Every structure is written in C-alpha cells, then in structure tokens.
RNA sequence: GGAGAGAUGGCUGAGCGGUUGAAAGCACCGGUCUUGAAAACCGGCAAAGGGGCAACUCUUUCCUGGGUUCGAAUCCCAGUCUCUCCGCCA
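Numbering (this note's numbering), first residue to last: 757 to 1175.
So this is what it looks like as structure tokens:
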C-alpha cells in the first residue's frame, strides 16, 4: 500500500509511475477524496479542541455549549468516515509501483529473458509427460483424488511421495545451512488482517480458500503461499536496525482456488488447488531490497544448479508482476514433454509496499522510524520440482534416475522404477 | 466445554471520573566525572494523523467496539486475546 503522505507530495509523478502497470486507476478521485478527508479532519480537530477547553475550564455555564459541539463533531465524524472509506477502497486496491529496472509490458509475452543455464536434455525417444510417467509407475493418482476431493488434486504415492519429501528436505537444508535462512514451521491459516498485510486482500479474495469459522468478525483463510504468514511475522513491529536482515524459510502446503484458470493446465499436477512450496522471505532495510532480490534469486537458482536441471531466468514486465511487487524474477525450468520453460520460482521485492500495510518498521541508528523492505521467493515449488525431475531424468523404460543430491534423502537409491 | 483472574509506553509496574500521554523502576540515548570503562550524578526518551517553510502546534491512542458524563485509562455493556484450574483431545 502506498503512503498517502508521500504520494501527495507529488501526485503527478505517482500517477505516471503507476501507469507503467498499463491499467487505469481513478487517481483523480483519490486525490480529491484525500483533500476532502483532510478538510474534515481539520474541522473536526478544531471542534474537539474547543470542547476539550470547555471541559478543562469546568465552567458550568459552558456545559450546554459543549453538548452542542458534540453534536457537530458527531456529524462531521460520520462524514469523514464515509470519505475515508471511499478513499481506502481505492488505496487498498492500488498495486505497487514498478521499479525503473522493470521492462514496460502488458503480459507474459513482454517478459525479458536474462539468462539460460544448464543443458537441455536430448532424448533418443519421445519423452513422456510427468503424469504419464507417474501414472505408469502407479505413483501419481489423479482419478483417486477426483473421487475424494474433486478436480485439481492428486495423490502422490510410494517412492514419489518419498521423492517429494526428499525435495522439500533437501531445499530446506540447503537454505538453512548454506543460505542463512531460519527455518519456520508456521500456521497454515491466516487471519483476514494478515491476508491484508501481504496484499491478498481485499482485491484477491476470490483466489483464496476461506475456512468456515463460526464466529462473526473472525475470518480465516488457508494460506496461498507461506509468504503470507512468514512476512507477517514482523507485522505491527518496530525492529531495531541491528535485527535486520531477517531471513525465514518454510516448507508448507499452499492452497489456491485458481479461479479464472479454467481449462489451463488441466492435465497433470502443474496447477493444483494444493501443493507444497518452500518459501523464502527476507525483511531488510529498504535500500537493500534490490541486492537482497539478487541474493534470493541466486538461492533459488542454486537449488536448480544442484539438481542439475536446465532453467532460465526471466524478469517480469510491468503488466505481469504481482500486486505487491516492485520487481520480480521468475525462474523457469525446462519441461521436455512441453518443450517449454515453466515457472518453478518467483522472487519479488515488494519494497515498503507490504510493510506499510502491516505497519512493520525499524529504528535506524539516528532513531528514525522507517518502513522495512520485504521480499519473498519460492525456493522452489516442490510439486513442480517433482515434475521437472520426472521429465528430465526419465529413461526410455519409464524409470526415473534420482538426482545425486537427493539420494541421501532417499535411502541412497539411484532410481525409481516399477520394480 | 465449565470455573476464575487479567489486558496500561521497548519491558516491569502505579493509577482517585477532571492539565494523566499517563508515577516509579529497568533498558536505551546525551552530558559531567575518568587515561578508557564501570559506578555515581544531571538531562532526554511512545506512536499515528492533521496544520505550518520552519521553530512548533493540534487531535487521537491506556486490548477492540459501543454507552453514561460538560469531562473516562478510571463507571456500564458487548466482543477479542492471555493466564490458572477442571473436563476432552493429536
């Protein structure tokens, strides 16, 4: 969320910057409401002062006047509340401003490839898709999941379940021991306010699974990513500069409705309502956001290097970036069956956008209170890593070679096969 | 689920319906002293929002939301959370 105090200093610059998203926002209305709101506050405060002075004076002759003032205050308060509500409706739904590094563009077609790493495998047979391989092994069962839970779910069984667990543990271990992240096992339900903090609410309510809670005014949501809960660990906190940077990592299930993606990736486990993801979150000084983004992206690609999977790094264009991000790199892994790179990680710097929503701040050496910068990135999506391993490491007979770094996590076995 | 107790500044902890944004202590920062440090002493030390070029100033905030009152941290109502005991349970 944007700091009104900052943007009103130069509304035109703000308007121009937001235009990069290539969507129209009613900023004139925002400006107007802001003005009206401040006028109301001014009037209200004048009256409040008057009233306070009377009550301090203890002058009984003024008591009736004080009552009259109360009525006026109430009236103007009501008016101000309505204006503030309208103002927030706009403000809460404005996305972050793209950083100047970000290419201007409309959608994923305008994203810019930065580099490719790794050798795209050459098969002397037609490579199978992960779901063909998984189903043939009897270790991926989509039909069963449909029966128990509906579309976009899967049962992962036997050695593939172990592989999934191995991937998750390997990633966690790497981020903890090599990359300096603190491992967290967080709650998987988040309150409404927490969802607001990272920007999932109010705009993207339709994408969230809400859990039925009997209490009124107490809404809970299944986390769509651990980013939500890890980032909010610093919600409403004033940290010390020496506490920064904070780096957290968690492996959690993630839940997404995938509303509006009907007919997209319906086959296989590319796009599921539930999937595991290892998520990294950093809380830093704002000035260090971009350096931290590079570092975090390297932590993500480091996993792919160790797994020896081919990938490319892409910078997202202004129109394709998420709501809270100022700059985002996607890491895309090669999928032989699709002959395409597919997203396996997304690393974003959100500058102070989320911090402002969460009121997460720190005190610098000069004792000034500043908003923290927040970053999040997958390191990596576990389900999609499983897919990438199946497809890239497949053999003609349908067996799967286990990447070397994962073997210690899999009783040192070298391959997964029918027997 | 039943029965009690509580929620005040970074922390601990006072608080009578009327300069209480809030005593005191700790922590922290600045100063004196010291070769340096510690101790001691002196001073400072909440956040958000509004107005002002600025010095500064005003408003709000003692869990949240209502109510009583000229005036509420203090009284009343509702809710949230925490703790203790009992029951149930992974």
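Backbone N, C-alpha and C fix where the C-beta goes; we use that ideal spot for every residue, glycine too.
None of the values given here were measured: they were computed from a predicted structure.
Within 8 Å, strictly: CB atoms of residue 853 and residue 774: Taking the first chain and counting its residues from 1, the one referred to as residue 853 is at position 97. Taking the first chain and counting its residues from 1, the one referred to as residue 774 is at position 18. Against a cut-off of 8 Å, the Cβ pair of residue 774 and residue 853 comes out as a contact.
Residue 1178, enclosing beta strand (DSSP E) - first and last residue: The chain is shown from 757 up to 1175; residue 1178 falls before or after that span and cannot be answered.
Neighbourhood of residue 920 by C-beta, 8 Å cutoff - its chain only, sequence neighbours within 5 removed: Stepping through the first chain from its first residue, residue 920 is reached at position 164. Excluding residues up to 5 positions away in sequence, 912, 1032, 1138, 1139, 1142 lie with their Cβ nearer than 8 Å to the Cβ of residue 920 in the same chain.
Helix, strand or coil at residue 1028 according to DSSP, with G and I counted as helix: Working through the first chain from its first residue, we reach residue 1028 at position 272. Correct three-state label for residue 1028: coil.
Whole-angstrom C-beta distance between residue 1037 and residue 962, which should lie under 8 Å: Position 206 of the first chain, counting from 1, holds the residue named residue 962. Position 281 of the first chain, counting from 1, holds the residue named residue 1037. With 8 Å as the limit, residue 962 and residue 1037 do not qualify as a contact, their Cβ atoms being about 24 Å apart.
Sequence-distant residues of its chain with Cβ nearer than 8 Å to residue 829 (five each side left out): Along the first chain, one-based indexing puts residue 829 at 73. The residues are 800, 803, 804, 807.
Inter-stretch contact (C-beta, 8 Å, three-pair minimum) for the region 1069-1077 and the region 854-869: yes
Candidates 1047, 1173, 1162, 1160, of which the one nearest residue 857 by Cα: Numbered from its first residue, the first chain carries residue 857 at position 101. When only C-alpha atoms are compared, the closest one is 1047.
Bridge partner(s) assigned by DSSP for residue 1098: Here the question's residue 1098 lines up with position 342 in the first chain. Bridge partners of residue 1098: 1089.
Limits of the unbroken beta strand (DSSP E) element including residue 822: Here residue 822 is taken as the residue at index 66 of the first chain, counted from 1. No beta strand (DSSP E) holds residue 822; the alpha helix (DSSP H) holding it covers 819-847.
CA nearest to the CA of residue 889, picked from 983, 1149, 1000, 1159: Here residue 889 refers to the residue found at position 133 of the first chain. Of 983, 1149, 1000, 1159, the residue nearest in Cα terms is 1149.
Of the listed residues 1154, 794, 859, 840, nearest to residue 1072 (C-alpha basis): Looking up residue 1072 in the first chain gives position 316. Of 1154, 794, 859, 840, the residue nearest in Cα terms is 859.
According to DSSP, residues forming a beta bridge with residue 1132: Taking the first chain and counting its residues from 1, the one referred to as residue 1132 is at position 376. Its beta-bridge partners are 1037, 1104.
Collapsed DSSP secondary structure at residue 897 in the structure displayed: Position 141 of the first chain, counted from the first residue, corresponds to residue 897. The three-state secondary structure of residue 897, taken from DSSP, is strand.
Inter-residue Cα distance where the pair is residue 946 and residue 849: To locate residue 946, count along the first chain from 1; it is residue 190. To locate residue 849, count along the first chain from 1; it is residue 93. Whole-angstrom Cα-Cα distance: 20 Å.
Distance CB(residue 1035)-CB(residue 1006) smaller than 8 Å: Sequence index remark: in the first chain, residue 1035 carries index 279 (1-based). Sequence index remark: in the first chain, residue 1006 carries index 250 (1-based). Against a cut-off of 8 Å, the Cβ pair of residue 1006 and residue 1035 comes out as a contact.
Residue 979 classed as buried or exposed, judged by whether at least 16 other C-beta atoms fall within 10 angstroms: Within the first chain, residue 979 is the residue found at index 223, counting from 1. Answer is buried; the Cβ neighbour count reaches 16.
Nearest-angstrom Cα separation, counted from residue 796 out to residue 756: The structure shown does not extend to residue 756, since the chain is modelled only from 757 to 1175, so the question has no answer here.
Exposure of residue 930, with buried meaning 16 or more beta-carbon neighbours within 10 Å: As a position in the first chain, residue 930 is number 174, starting the count at 1. Buried, by the Cβ-count rule.
As assigned by DSSP and simplified to three states, the class of residue 1170: Working through the first chain from its first residue, we reach residue 1170 at position 414. Note: residue 1170 maps to coil in three-state DSSP.
C-alpha distance - residue 1028 paired with residue 981, whole-angstrom precision: Your numbering for residue 1028 matches position 272 in the first chain. Your numbering for residue 981 matches position 225 in the first chain. Roughly 13 Å separates the two Cα atoms.
Inter-stretch contact (C-beta, 8 Å, three-pair minimum) for the region 899-917 and the region 937-952: no
Neighbourhood of residue 994 by C-beta, 7 Å cutoff - its chain only, sequence neighbours within 5 removed: What you label residue 994 is simply residue 238 of the first chain in a count that begins at 1. Same-chain partners within the cutoff: 1117, 1118, 1119, 1125.
Backbone secondary structure at residue 1158 - three-state DSSP: Position 402 of the first chain, counted from the first residue, corresponds to residue 1158. It is coil, neither helix nor strand.
Given residue 833 as reference, the closest of 794, 879, 1167 once Cα atoms are compared: For the purposes of this step, residue 833 is identified with residue 77 of the first chain, where counting begins at 1. Closest by C-alpha distance to residue 833, out of 794, 879, 1167, is 794.
Rounded separation between residue 1169 and residue 1163 - CA only: Position 413 of the first chain holds residue 1169. Position 407 of the first chain holds residue 1163. About 6 Å.
Alpha-carbon spacing of residue 1098 relative to residue 1111, whole angstroms: The sequence position of residue 1098 within the first chain is 342, counting from 1. The sequence position of residue 1111 within the first chain is 355, counting from 1. For residue 1098 and residue 1111, the distance between alpha carbons rounds to 30 Å.
Residue from 845, 899, 895, 1172 with nearest C-alpha to residue 957: Here residue 957 is taken as the residue at index 201 of the first chain, counted from 1. For the residues 845, 899, 895, 1172, the minimum Cα distance to residue 957 belongs to 845.
Residue 1059 vs residue 1135 beta-carbon contact at 8 Å: The sequence position of residue 1059 within the first chain is 303, counting from 1. The sequence position of residue 1135 within the first chain is 379, counting from 1. Yes, the Cβ-Cβ distance between residue 1059 and residue 1135 is below 8 Å.
Residues of its chain near residue 1172, where Cβ-Cβ distance is below 6 Å and the 5 sequence neighbours each way are ignored: If you number the first chain from 1, residue 1172 lands on position 416. Answer for residue 1172: 915, 1156, listed in chain order.
Start-to-end residues for the alpha helix (DSSP H) that takes in residue 869: For this step, residue 869 is matched to residue 113 along the first chain. Here residue 869 belongs to no alpha helix (DSSP H); instead the beta strand (DSSP E) covers 868-873.
For residue 819 and residue 809, the rounded distance between their alpha carbons: Looking up residue 809 in the first chain gives position 53. Looking up residue 819 in the first chain gives position 63. Their Cα atoms are separated by approximately 11 Å.
Residue 939 - DSSP class collapsed to helix/strand/coil: For the purposes of this step, residue 939 is identified with residue 183 of the first chain, where counting begins at 1. Looking at residue 939 - three-state DSSP - the assignment turns out to be strand.
Cut-off 8 Å between Cβ atoms - residues of its own chain near residue 873, not counting five sequence neighbours on either side: As a first step, residue 873 must be located in the first chain, where it is residue number 117. The beta carbon of residue 873 lies closer than 8 Å to those of 1057, 1060, 1061, 1066, 1067, 1068, 1069 in the same chain, with the five residues before and after it left out.
Beta bridge counterpart(s) of residue 1126 as assigned by DSSP: The residue you call residue 1126 lines up with position 370 of the first chain. Bridge partners of residue 1126: 1118.
Collapsed DSSP secondary structure at residue 777 in the structure displayed: Translated into positions along the first chain, residue 777 becomes position 21. Here residue 777 carries a coil assignment [DSSP, helix/strand/coil].
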